[in-house]
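Dropping the structure here:
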């Protein structure tokens, strides 16, 4: 059983560009959450998708947006990239009760 | 003040030692308490989760929650070099429906 898969693994962008990250949840999970993990820090909650809608959002600007597709997979989009957006972006999926999020290996984004 | 505080370490112990990792929190709405292990350049892996105050044991790992003190712990017995990783505490509140993480404690077990 494949767990949470994320693509790409690594990405290098320059300031001002836009990026799209992708996530496929664990089989049987219908809720997808995105987290940003800066170096040496714990993951910070960006937002959560359920039934193709954004259900919860953390303290992130509107430059961060997302989408969930009917097959539960999800995308994270970041516009107008800043140097401070450099981080590991983690996707987590969970069943409806939300406990025990399962994380993917992440996408490492470097903004130059 | 952060909602979840965790000593970043690093913590270095000899193989076979008992390791104690701790977090404190301030938000009374947190209802589920988790411990994740994260190896370098990997995603966090769920080790244990608990709901109520008390102890929960799984092999060499014991999770302890004291809601009255807003304090959680993870104990690792007979630590192994393969336990070397960053340990993240995380807390779930059903209102926010998201995890709030500590900053992680880096553990190094020396052979």
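Residue numbers (this note's numbering), protein chains in the order written: chain A, 1 to 112; chain B, 113 to 223.
All C-beta atoms in this analysis are idealised placements derived from N, C-alpha and C, irrespective of residue type, glycine included.
Here the structure is a predicted model, which is why all the values come from computation and not from measurement.
Which residue comes first and which comes last in the beta strand (DSSP E) that contains residue i?
i, result
"residue 173/B", "173-178"
"residue 149/B", "144-150"
"residue 50/A", "44-50"
"residue 10/A", "10-13"
"residue 187/B", "183-188"
"residue 67/A", "64-68"
"residue 87/A", "87-94"
"residue 37/A", "31-37"
"residue 110/A", "107-111"
"residue 7/A", "5-7"
"residue 54/A", "53-57"
"residue 118/B", "116-118"
Are the Cβ atoms of residue i and residue j separated by less than 8 Å?
i, j, result
"residue 198/B", "residue 177/B", "no"
"residue 150/B", "residue 214/B", "no"
"residue 8/A", "residue 107/A", "yes"
"residue 145/B", "residue 184/B", "yes"
"residue 29/A", "residue 110/A", "no"
"residue 100/A", "residue 158/B", "yes"
"residue 78/A", "residue 3/A", "no"
"residue 186/B", "residue 123/B", "no"
"residue 68/A", "residue 49/A", "yes"
"residue 53/A", "residue 47/A", "no"
"residue 182/B", "residue 175/B", "no"
"residue 34/A", "residue 76/A", "yes"
"residue 112/A", "residue 14/A", "yes"
Should residue i be counted as a contact of the ligand MN given a C-beta to heavy atom distance under 7 Å?
i, result
"residue 153/B", "For the ligand MN, the structure offers nothing, since it holds no ligand at all."
Using the three-state DSSP reduction, which class does residue i fall into: helix, strand or coil?
i, result
"residue 108/B", "With chain B running from 113 to 223 in the structure shown, residue 108/B is simply not present."
"residue 133/B", "strand"
"residue 215/B", "coil"
"residue 195/B", "helix"
"residue 76/A", "strand"
"residue 81/A", "coil"
"residue 167/B", "strand"
"residue 19/A", "strand"
"residue 103/A", "strand"
"residue 162/B", "strand"
"residue 24/A", "strand"
"residue 222/B", "strand"
Measuring CA to CA, which of the options is closest to residue i?
i, options, result
"residue 105/A", "148/B, 153/B, 185/B and 173/B", "153/B"
"residue 5/A", "17/A, 14/A, 27/A and 16/A", "27/A"
"residue 116/B", "211/B, 220/B, 219/B and 218/B", "211/B"
"residue 31/A", "73/A, 112/A, 79/A and 78/A", "73/A"
"residue 171/B", "200/B, 120/B, 160/B and 114/B", "160/B"
"residue 92/A", "221/B, 223/B, 148/B and 180/B", "148/B"
"residue 143/B", "221/B, 180/B and 200/B", "180/B"
Within the chosen definition, does the segment 34-44 of chain A reach the segment 87-94 of chain A through at least 3 CB pairs nearer than 8 Å? Yes, they touch.
Count the CB pairs spanning the segment 127-143 of chain B and the segment 173-193 of chain B that are closer than 8 Å, and state whether there are at least three. With contact defined as three or more Cβ pairs closer than 8 Å, the segment 127-143 of chain B and the segment 173-193 of chain B are in contact.
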